[in-house]
Structure formats: structure tokens, C-alpha cells
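Participant: Take this structure first; my questions come after.
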Amino acid sequence: MKNIAVFTSGGDSPGMNPCIRAVVRTALQHNVNIFGITGGYDGMIKGQITQLSHKDVAHIIHRGGTILKTSRSDAFRTKQGRAKAYAQLSKHNIKALIAIGGDGTFKGADLFSEEYDLSCIGLPGTIDNDLFGTDYTIGYDTALNTVIQAVDKIRDTAESHKRLFVVEVMGKDAGFIALRSAIASGAERVFVPEKKTDVDQLIDYYKHQRRADKTSGIIIVAEGDDSGGGKQIKQVLQEHLTSYDIKLTVLGHIQRGGSPSAFDRVHSSELGIGAVQRLLNAKQKITGMMGIVNRSLTITPFKQAIKHHKKINTKLVKTVELLAG
Ligand code: F6P
Numbered sequence: 015m016k017n018i019a020v021f022t023s024g025g026d027s028p029g030m031n032p033c034i035r036a037v038v039r040t041a042l043q044h045n046v047n048i049f050g051i052t053g054g055y056d057g058m059i060k061g062q063i064t065q066l067s068h069k070d071v072a073h074i075i076h077r078g079g080t081i082l083k084t085s086r087s088d089a090f091r092t093k094q095g096r097a098k099a100y101a102q103l104s105k106h107n108i109k110a111l112i113a114i115g116g117d118g119t120f121k122g123a124d125l126f127s128e129e130y131d132l133s134c135i136g137l138p139g140t141i142d143n144d145l146f147g148t149d150y151t152i153g154y155d156t157a158l159n160t161v162i163q164a165v166d167k168i169r170d171t172a173e174s175h176k177r178l179f180v181v182e183v184m185g186k187d188a189g190f191i192a193l194r195s196a197i198a199s200g201a202e203r204v205f206v207p208e209k210k211t212d213v214d215q216l217i218d219y220y221k222h223q224r225r226a227d228k229t230s231g232i233i234i235v236a237e238g239d240d241s242g243g244g245k246q247i248k249q250v251l252q253e254h255l256t257s258y259d260i261k262l263t264v265l266g267h268i269q270r271g272g273s274p275s276a277f278d279r280v281h282s283s284e285l286g287i288g289a290v291q292r293l294l295n296a297k298q299k300i301t302g303m304m305g306i307v308n309r310s311l312t313i314t315p316f317k318q319a320i321k322h323h324k325k326i327n328t329k330l331v332k333t334v335e336l337l338a339g
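For the sequence shown, this note's numbering gives the first residue as 15, with consecutive numbering after it.
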């Protein structure tokens, strides 16, 4: 295998750059030509493919985002789009891909590698941590730290004004960010898409059960919660809890940026190195998502890795309530 291409696709996440850096430097170490595809699958279709050198990945380990840019490509969902992409790869005799992205990326990679004689290793690049086959996804730890730093700031003003804050975090249909950040930030309640929201119980808690000496509080809601997200929860609470001063903060895309944490830099580097080495050692076409499970590099078929296969520990929802006191 002499030519490998790497690209980033779907929502960006902190840690993608350290991962790209590890892929490039490992490939060059093994005298393999490494190509970067700029702009995800759209960029592949357009032929935005350039050979990379050591210096192309210098001074990026600390940078959020992705130097290879990204996209959510409708064109690649079509056979014609994938045919154009393959033709572009063939111009550079590229037979192996490293796709850093989330479930949408892996759906495309699965189809592509079934239709063409291509090896493709996916690396779990999404802050959602919702992919089966890896304990952590690239960017999840940094996103968690971004959320708790924001919530710690909100806690200051909540305490000063004796307010209740509803904080909405990312996670279209996965509550991993909400759940862990709720525990880490000392939230009173957390709402995740995986567990039906019991609004009556929430109202009852604030009306009758909450400790009298509590003067402020934080409720964390995943944007994909079945109640409709932070805005809806805040509205319902305001209607029923007239004595409370309730505010809403939607954290939004700040959770996607920022300098990668130490964990994300090391974790994504391990994955980048592992992906190149697995491709070089493969005796035949290899496809699937590479993750780290219990500290070991593993390959999971794309179809299994894609969303809705990773279970959340809903018992941790109770932990939030227990620790809130
Ligand atoms: O999948 C990662 C993610 O950040 C989700 O948590 C979020 O709902 C979505 O991407 C936002 O997508 P976009 O950046 O296209 O608005």
C-alpha cells in the first residue's frame, strides 16, 4: 500500500487536527505517500486532493477544528457522486482511506467500500460520543470540559441572583455530553433523549422536595431531549414555578471548538497511528471503525458503529439527582 488519503467529514470536533497530524507523520515514517482531501466527501468529488508533508501538520496539535475542513455531503449519498469520488482517488492511485467523522461519515464509507475496491478505516470524530465500538470519541472530552467551564460561570450568577438556570447542550439524539457534564458540574437534574422526560416529577421536586436552603440550581438538557430541549423545559417550569426566577442558556457551537484537551490529543494520536499501521499490515481489503475499547485498539464494522448502537447508562441520571442532595 503506497498511497493513503485522510479526510474529515461531518461535524468537526477538537482532536481532529492531532489525529490528522498522527496519520500524516506515521505514514511518512513508513515511506507511504499520504494525501489530504479538503472538504470531506464534497472535496473528494471535486478532486481537492493534495499530497501532504511533515510541515503541513506542524503546529496544529493544539488547534481545534480541522485543517482539512469538512462538509456534510448530499452528492456523496448518490451512486454518481461516489463514482466521481472514486475516479478522483484513482487519479492518485489511492486505494486506502482514513475517514475521521461520525455516523453520517461511516454510512458513506460503508457504501463506498462495498462498491469499490477500497480499504477504509473510520476514526470516531464527533463530540457526541454516540458511536458503538469506542469508549470515547475524538472531541468528547474537550466538549465536556467546555460545558463544565461554561456551567461553572453560570453557577456564579445563578447563586448571586438566586436563579434557576436551564442549560441546553449538544447531542441531537445522544445524551452523553448532557449526562457526564451534569455530574461534573453538579447539576440538580439532567434530561437526555434516551430517557423519557418526567415533567410532573420535575415540577414536584421544585415545588415540594427540594431542600429549603437551596438558593440556585442548574438543569442540563440535551438538545435532542424528547421534551423538545432547553427552551421547552424552561417554558414549562416558568408556567408552574411562578416564584422562581428561571433563565435559559443554549451553549450551542462553542462545544465544538477550542483547543483539544490532553486526553483528546493523546487519544486521537493513538487512533491515527493505529489506523495507518492497521492499513499497512492488512493482507486484504479492510473496512470498519477503529476505536479504543478498554485501552485496546479495535475494529468494528461500520454498520455496528453507526448511531443507536451505543447504550447510555441511564442509571447515571439518578446519580445526578442523588448528588444534588
Ligand atoms: O454531531 C455533532 C453535533 O455537534 C451535534 O451534537 C449537533 O446537534 C450537530 O453536530 C450540529 O450540526 P451542525 O454543526 O451541522 O449544526
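Just so you know, even glycine gets a beta-carbon here, dropped at the ideal spot from N, CA and C.
If you drop the 5 nearest sequence neighbours on each side, which residues of the same chain put their C-beta closer than 7 Å to that of GLU284?
Facilitator: By 1-based counting over the sequence shown, the position of residue 284 is 270. So the qualifying residues of the chain are ILE306.
Participant: The alpha helix (DSSP H) spanning ILE197 covers which residue range?
Facilitator: In the sequence shown, counting from the first residue as 1, residue 197 sits at position 183. Residues 190-199.
Participant: In the structure shown, what three-state DSSP assignment does VAL334 receive?
Facilitator: Translated into positions along the sequence shown, residue 334 becomes position 320. In this structure, VAL334 counts as helix in the three-state DSSP scheme.
Participant: Identify whether PHE146 lies in helix, strand or coil by the three-state DSSP scheme.
Facilitator: In the sequence shown, residue 146 corresponds to position 132, counting from 1. It is coil, neither helix nor strand.
Participant: Verify whether the separation of the beta carbon atoms of ASP240 and THR211 is less than 8 Å.
Facilitator: Taking the first residue of the sequence shown as position 1, residue 240 is located at position 226. Taking the first residue of the sequence shown as position 1, residue 211 is located at position 197. The answer is yes: Cβ separation under 8 Å.
Participant: Below 6 Å CB to CB, which residues in the same chain sit around ALA188 once its five sequence neighbours on both sides are set aside?
Facilitator: The count along the sequence shown starts at 1 and reaches residue 188 at position 174. Excluding sequence neighbours, ALA188 sits near ASP142 and ASP144.
Participant: Hey, is ILE141 close to the ligand F6P, as in C-beta under 7 Å from one of its heavy atoms?
Facilitator: The sequence position of residue 141 within the sequence shown is 127, counting from 1. Yes, since a heavy atom of the ligand F6P falls inside the 7 Å radius drawn around the Cβ of ILE141.
Participant: How many angstroms separate the CA atom of ILE34 from the CA atom of LEU158?
Facilitator: In the sequence shown, the residue the question calls residue 34 occupies position 20. In the sequence shown, the residue the question calls residue 158 occupies position 144. Each residue's Cα considered, the two are about 22 Å apart.
Participant: To which residues does DSSP link GLU182 through a beta bridge?
Facilitator: Along the sequence shown, read from residue 1 onward, the residue named residue 182 stands at position 168. GLU182 pairs with VAL235 and VAL264.
Participant: Around the C-beta of ASP155, are 16 or more other C-beta atoms found within 10 angstroms, so that it is buried, or is it exposed?
Facilitator: Mapped onto the sequence shown, residue 155 falls at position 141. Counting Cβ neighbours within 10 Å, ASP155 comes out buried, since at least 16 surround it.
Participant: Taking the straight line between their C-alpha atoms, what separation do you get for ALA226 and SER273?
Facilitator: By one-based count along the sequence shown, residue 226 stands at place 212. By one-based count along the sequence shown, residue 273 stands at place 259. C-alpha separation (whole angstroms): 40 Å.
Participant: With a CB to CB cut of under 7 Å and the five nearest residues on each side skipped, what residues in its chain are close to VAL204?
Facilitator: Your numbering for residue 204 matches position 190 in the sequence shown. If we look at VAL204 and ignore the five residues flanking it on each side, its Cβ neighbours are ALA192, LEU193, ALA196, ILE234, VAL331 and VAL334.
Participant: Using a threshold of 7 Å, is the CB atom of ARG270 nearer than that to any non-hydrogen atom of the ligand F6P?
Facilitator: Working through the sequence shown from its first residue, we reach residue 270 at position 256. Yes; taking the cut-off as 7 Å, the Cβ of ARG270 has a heavy atom of the ligand F6P nearer than that.
Participant: Between the C-alpha atoms of ALA252 and ASP259, what's the straight-line distance to the nearest angstrom?
Facilitator: Taking the first residue of the sequence shown as position 1, residue 252 is located at position 238. Taking the first residue of the sequence shown as position 1, residue 259 is located at position 245. Reading off the sequence, residue 252 comes out as Gln, not Ala. The alpha-carbon atoms of GLN252 and ASP259 are separated by roughly 8 Å.
Participant: Closest by CA to VAL181, which one among THR148, HIS222 and GLU237?
Facilitator: One-based indexing of the sequence shown puts residue 181 at position 167. When only C-alpha atoms are compared, the closest one is GLU237.
Participant: Which of the three DSSP states, helix, strand or coil, is assigned to LEU251?
Facilitator: Numbered from its first residue, the sequence shown carries residue 251 at position 237. It is helical.
Participant: Given GLN102, which residues of its chain have a CB within under 8 Å of its CB, disregarding the five upstream and five downstream residues?
Facilitator: Position 88 of the sequence shown holds residue 102. So the qualifying residues of the chain are MET58, ILE59, LYS60, GLY61 and ILE63.
Participant: Leaving aside the five residues before and after ILE74 along the sequence, list all residues of the same chain whose C-beta is less than 6 Å from its C-beta, in chain order.
Facilitator: Along the sequence shown, read from residue 1 onward, the residue named residue 74 stands at position 60. The answer, listed in chain order, is ASN31, ARG35 and ILE81.
Participant: Any heavy atom of the ligand F6P closer than 7 Å to the CB of LYS186?
Facilitator: Counted from its first residue, the sequence shown places residue 186 at position 172. The answer is yes for LYS186.
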